[in-house]
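Undergrad: What follows is a structure written as structure tokens; I'll ask about it next.
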Amino acid sequence: MNQILATSNPTAKKSKTKKSKTRKSNGPADIKTVVRVFAIAMLIFGVFMVGTGSYAIYRENEANNSEITKPVISESLNGDGTAVILTVTHDKTIDRIEYSWNDDEIQTITGNGRKYIEQQITIPSGTNTLNVTAIDTQGQEISTQKEFTSGSRPSGGSPSLDLTISEDNKLKITANSETQIKYMTYKWDDGEEQRVDINATTIDQEIDVPMGTHDITVAIVDVNNKTTTKEETVMGTTKPMINVETDDAGEYYLITITDEVGLQKVDLNIRGEAKTITVEDGKKELKYKIKLEDNNQNRLEITAYNVDGIVSDTVRKMADKTNS
Numbered sequence: 032m033n034q035i036l037a038t039s040n041p042t043a044k045k046s047k048t049k050k051s052k053t054r055k056s057n058g059p060a061d062i063k064t065v066v067r068v069f070a071i072a073m074l075i076f077g078v079f080m081v082g083t084g085s086y087a088i089y090r091e092n093e094a095n096n097s098e099i100t101k102p103v104i105s106e107s108l109n110g111d112g113t114a115v116i117l118t119v120t121h122d123k124t125i126d127r128i129e130y131s132w133n134d135d136e137i138q139t140i141t142g143n144g145r146k147y148i149e150q151q152i153t154i155p156s157g158t159n160t161l162n163v164t165a166i167d168t169q170g171q172e173i174s175t176q177k178e179f180t181s182g183s184r185p186s187g188g189s190p191s192l193d194l195t196i197s198e199d200n201k202l203k204i205t206a207n208s209e210t211q212i213k214y215m216t217y218k219w220d221d222g223e224e225q226r227v228d229i230n231a232t233t234i235d236q237e238i239d240v241p242m243g244t245h246d247i248t249v250a251i252v253d254v255n256n257k258t259t260t261k262e263e264t265v266m267g268t269t270k271p272m273i274n275v276e277t278d279d280a281g282e283y284y285l286i287t288i289t290d291e292v293g294l295q296k297v298d299l300n301i302r303g304e305a306k307t308i309t310v311e312d313g314k315k316e317l318k319y320k321i322k323l324e325d326n327n328q329n330r331l332e333i334t335a336y337n338v339d340g341i342v343s344d345t346v347r348k349m350a351d352k353t354n355s
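For what it's worth, the working numbering labels the leading residue of the sequence shown as 32, then goes sequentially.
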């Protein structure tokens with residue numbers, strides 16, 4: 032009888048055992064390697080983040096340092112030389128201005144969030160030294176000392192400069208100087224600077240004001256390069272226009288009121304009866320039709336106001352109407 036003998040292969044068994052042991056022994060080693068690589072990667076990433084952050088802070092500090100500016104102080108005499116017109120301008124908010132005559136008590140002008148401050152300071156009798164310090168909200172400050180004599184312009188003083196709005200909506204620039212004024216410059220808001228050659232000791236110049244609210248900066252420079260600068264906010268607008276007619280039949284007043292920026296209210300007086308009409312939404316044109324009364328002079332008086340507070344010329348009309 033044939034017998035089937037079950038035999039085993041010791042060599043194969045040993046090989047399997049070795050492989051099994053090898054896999055078991057390699058498991059912890061692989062985990063340690065992964066942890067080690069991950070730790071090294073996190074360390075490199077941390078160093079990179081710290082370096083990047085430090086560089087960003089460095090660049091920011093450099094940028095802040097490069098933007099450090101100080102207030103600009105300008106001093107000029109008024110027309111009769113009895114007071115100093117002190118002007119401080121800055122591209123940042125001014126915290127306060129401190130000034131004193133000679134060694135007298137220090138006076139303070141608060142900034143109140145302004146970047147432009149102008150103050151007229153009376154000069155004591157005789158010759159006196161004006162001490163001025165301007166400080167911005169970041170702690171940057173600048174100081175000046177200048178001598179003034181009441182009633183006269185100091186030798187080599189900066190030109191005086193005044194800006195006013197005329198009735199026909201033009202900006203009037205006036206200036207006076209001991210020495211010849213070489214030129215003046217002006218610019219609206221952040222627009223292009225315009226130069227006007229003067230070559231005289233006085234300026235009396237008018238320029239058009241653009242519609243709306245705008246900042247203008249004017250600078251006067253004399254032959255010694257003494258400069259006076261003034262910055263103001265001005266409003267360019269025109270008066271409301273009123274047109275009053277009667278219709279062809281002579282039965283009605285036909286009233287048309289217009290304004291370029293918008294109307295605010297109308298004061299109307301017809302036959303002695305006065306009333307104010309409020310204009311909603313700043314309309315730019317209004318039309319009214321008022322019936323004329325028989326046997327009456329129908330006296331009309333009308334004034335208009337725009338949203339900028341500019342007042343029109345008052346229009347007066349009188350139309351007779353009699354029974355036919």
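For glycine and all other residues, C-beta sits at the position ideal for the given N, C-alpha and C.
(1) With DSSP as the reference, label residue 117 as helix, strand or coil.
(2) Using DSSP with H/G/I as helix, E/B as strand and the rest coil, what is residue 317?
(3) Give me the residue from 123, 344 and 178 with the minimum Cα distance to residue 103.
(4) By Cβ distance below 6 Å, which residues in the same chain neighbour residue 291 in space, the five residues on each side in sequence not counted?
(5) Whole angstroms is fine: what's the gap from residue 227's alpha carbon to residue 216's?
(6) Would you be able to state if there are at least three C-beta pairs under 8 Å between the stretch 162 to 177 and the stretch 119 to 133?
(7) Please classify residue 253 as buried or exposed, where buried requires at least 16 neighbouring CB atoms within 10 angstroms.
(8) Going by DSSP in three states, residue 72 sits in which element: helix, strand or coil?
(9) Please confirm whether residue 296 and residue 309 have their CB atoms less than 8 Å apart.
(10) Tell me the DSSP secondary structure of residue 77 in three-state form.
(11) DSSP three-state call for residue 63: helix, strand or coil?
(12) Can you check which of these residues, 303, 257, 265 and 135, is closest to residue 329 by C-alpha distance?
(13) Report the CB separation of residue 160 from residue 133 in whole angstroms; it is logged as a contact under 8 Å.
(14) Which partner residues does residue 348 have in the DSSP bridge list?
(15) Residue 285: which of 70, 320, 249 and 179 sits nearest, CA to CA?
(16) For residue 210, which residues does DSSP report across the bridge?
(17) What number of angstroms, rounded off, separates the C-alpha of residue 333 from the C-alpha of residue 307?
(18) For residue 325, which option in 343, 75, 350 and 344 has the closest C-alpha, if you only look at C-alpha atoms?
(19) Among residues of its own chain, excluding the 5 on either side of residue 340, which ones have a beta-carbon nearer than 6 Å to its beta-carbon?
(20) List the whole-angstrom C-beta distance separating residue 202 from residue 224, where the pair is believed to meet the contact cut-off of C-beta under 8 Å.
(21) Taking residue 323 and residue 348 to be in contact with their CB atoms under 8 Å, please state how far apart those CB atoms are, rounded to whole angstroms.
(22) Could you say which of 142, 117 and 125 lies nearest to residue 154 if we only look at CA atoms?
(23) Alpha carbon to alpha carbon, how far is residue 181 from residue 247? Give it in angstroms, no decimals.
(24) Alpha carbon to alpha carbon, what distance is there between residue 314 and residue 293?
(25) Within its chain, find whatever has a CB closer than 8 Å to the CB of residue 146; leave out the 5 residues flanking it on each side and keep chain order.
(26) Do residue 244 and residue 208 have their CB atoms nearer than 8 Å?
(27) For residue 335, does the count of other Cβ atoms within 10 angstroms reach 16, so buried, or fall short, so exposed?
(28) What's the gap between the Cα of residue 144 and the Cα of residue 260?
(29) Taking the alpha-carbon of residue 331 as reference, which of 197, 250, 342 and 274 has the nearest alpha-carbon?
(30) Within the same chain, show all residues whose beta-carbon is closer than 7 Å to that of residue 344, passing over the 5 residues directly before and after it, in chain order.
(31) So, residue 229 versus residue 218, is the Cβ gap smaller than 8 Å?
(32) Does residue 311 come out as helix, strand or coil in the three-state DSSP assignment?
(33) Give every residue of the same chain whose Cβ lies closer than 7 Å to the Cβ of residue 239, excluding the five residues on either side of it in the sequence, and list them in chain order.
TA: On the basis of the supplied data:
(1) Locating residue 117 in the sequence shown gives position 86, where the first residue counts as 1. Looking at residue 117 - three-state DSSP - the assignment turns out to be strand.
(2) Residue mapping note: residue 317 aligns to position 286 of the sequence shown, counting from 1. Three-state DSSP puts residue 317 in a strand.
(3) Indexing the sequence shown from 1 puts residue 103 at position 72. When each option's Cα is compared against that of residue 103, the closest is 123.
(4) In the sequence shown, the residue the question calls residue 291 occupies position 260. Here the set comprises 269.
(5) For the purposes of this step, residue 227 is taken as residue 196 along the sequence shown, with counting starting at 1. For the purposes of this step, residue 216 is taken as residue 185 along the sequence shown, with counting starting at 1. When rounded, the separation of the alpha-carbon atoms in residue 227 and residue 216 is 6 Å.
(6) Note that the stretch 119 to 133 touches the stretch 162 to 177; at least 3 beta-carbon pairs, one per stretch, sit closer than 8 Å.
(7) Locating residue 253 in the sequence shown gives position 222, where the first residue counts as 1. Under this definition residue 253 is a buried residue.
(8) Along the sequence shown, one-based indexing puts residue 72 at 41. Note: residue 72 maps to helix in three-state DSSP.
(9) What you label residue 296 is simply residue 265 of the sequence shown in a count that begins at 1. What you label residue 309 is simply residue 278 of the sequence shown in a count that begins at 1. Residue 296 is a Cβ neighbour of residue 309, given a cutoff of 8 Å.
(10) Your numbering for residue 77 matches position 46 in the sequence shown. The three-state secondary structure of residue 77, taken from DSSP, is helix.
(11) Translated into the one-based positions of the sequence shown, residue 63 becomes position 32. The three-state reading of DSSP puts residue 63 in helix, counting H, G and I together.
(12) On the sequence shown, position 298 is the one that residue 329 refers to. The shortest Cα separation from residue 329 among 303, 257, 265 and 135 belongs to 303.
(13) As a first step, residue 160 is located in the sequence shown; it is residue number 129 there, counting from the start. As a first step, residue 133 is located in the sequence shown; it is residue number 102 there, counting from the start. With a contact defined as Cβ atoms closer than 8 Å, residue 160 and residue 133 qualify at about 5 Å.
(14) In the sequence shown, residue 348 corresponds to position 317, counting from 1. The partner list for residue 348 (beta bridge, DSSP) reads 331.
(15) Working through the sequence shown from its first residue, we reach residue 285 at position 254. Checked all of 70, 320, 249 and 179; the closest Cα to residue 285 is 320.
(16) Taking the first residue of the sequence shown as 1, we reach residue 210 at position 179. BP columns for residue 210 are empty, so no partner.
(17) Reading the sequence shown from its first residue, position 302 is the one you call residue 333. Reading the sequence shown from its first residue, position 276 is the one you call residue 307. When rounded, the distance between both Cα atoms is 10 Å.
(18) Mapped onto the sequence shown, residue 325 falls at position 294. Looking at the Cα atoms, 350 is the closest of the given residues.
(19) Mapped onto the sequence shown, residue 340 falls at position 309. For residue 340, where only same-chain residues beyond five positions count, there are no Cβ hits under 6 Å.
(20) The residue labelled residue 202 in the question sits at position 171 within the sequence shown. The residue labelled residue 224 in the question sits at position 193 within the sequence shown. Actually they do not touch by this definition, with Cβ atoms about 15 Å apart.
(21) Position 292 of the sequence shown, counted from the first residue, corresponds to residue 323. Position 317 of the sequence shown, counted from the first residue, corresponds to residue 348. Contact flag wrong, Cβ pair sits at about 10 Å.
(22) Within the sequence shown, the letter at position 123 stands for residue 154. Ranking 142, 117 and 125 by Cα distance to residue 154 puts 117 first.
(23) Taking the sequence shown and counting its residues from 1, the one referred to as residue 247 is at position 216. Taking the sequence shown and counting its residues from 1, the one referred to as residue 181 is at position 150. Roughly 30 Å separates the two Cα atoms.
(24) On the sequence shown, residue 293 is found 262 positions in, with the first residue counted as 1. On the sequence shown, residue 314 is found 283 positions in, with the first residue counted as 1. CA-CA distance, residue 293 to residue 314, rounds to 5 Å.
(25) Locating residue 146 in the sequence shown gives position 115, counting from the first residue. Counting only Cβ-Cβ distances below 8 Å, and skipping sequence neighbours, we find 120, 121, 122, 123, 124 and 125.
(26) Within the sequence shown, residue 244 is the residue found at index 213, counting from 1. Within the sequence shown, residue 208 is the residue found at index 177, counting from 1. Using a Cβ distance threshold of 8 Å, residue 244 and residue 208 do not count as a contacting pair.
(27) Taking the first residue of the sequence shown as 1, we reach residue 335 at position 304. Buried: at least 16 other Cβ atoms inside 10 Å.
(28) Translated into positions along the sequence shown, residue 144 becomes position 113. Translated into positions along the sequence shown, residue 260 becomes position 229. The straight-line gap from Cα to Cα measures roughly 20 Å.
(29) Along the sequence shown, one-based indexing puts residue 331 at 300. A check of alpha carbon separations from residue 331 across 197, 250, 342 and 274 identifies 274 as the nearest.
(30) The residue given as residue 344 occupies position 313 in the sequence shown. Here the set comprises 270.
(31) On the sequence shown, residue 229 is found 198 positions in, with the first residue counted as 1. On the sequence shown, residue 218 is found 187 positions in, with the first residue counted as 1. Remark: C-beta atoms of residue 229 and residue 218 do not approach each other more closely than 8 Å.
(32) Walking along the sequence shown from the start, residue 311 turns up at place 280. Looking at residue 311 - three-state DSSP - the assignment turns out to be helix.
(33) Looking up residue 239 in the sequence shown gives position 208. Cβ within range, chain order: 201.
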